[in-house]
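In the working numbering, the protein residues as written are 42 to 125. Ideal placement from N, C-alpha and C gives every residue a C-beta, glycine not left out. Written below as structure tokens is the structure these notes are about.
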């Protein structure tokens, strides 16, 4: 098993097309675990449930945008140092 196969990535974007494109790119890079959600609120639920090695997020989204998500992760989560 390669190093990238063990990576867990959270993809946050309100565009299904964008999420699928990012998932395809990550899979082509060998990333084995990709979780997709549509906005920052859903992303927070996922961050509370499990650990991620990387979060890829859109900036402009309904419900909660990328800046608000980043603030939550950096200030209130147990994964404050995860690359975003």
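The shortest CA-to-CA distance from residue 113 to any of 94, 86 and 103 is the one to 86.
For residue 85, the uninterrupted alpha helix (DSSP H) run begins and ends at 81–90, by DSSP.
Runs of the alpha helix (DSSP H) spanning 4 or more residues and lying entirely within the region 47–80 occur at 57–69, in chain order. Counting other Cβ atoms within 10 Å of its Cβ, residue 57 stays below 16 and is therefore classed as exposed. By the criterion of a C-beta distance shorter than 6 Å, residue 49 is surrounded in its chain by 74, 93 and 94, once the five residues flanking it on both sides are discounted. The shortest CA-to-CA distance from residue 120 to any of 45, 79, 51 and 47 is the one to 51.
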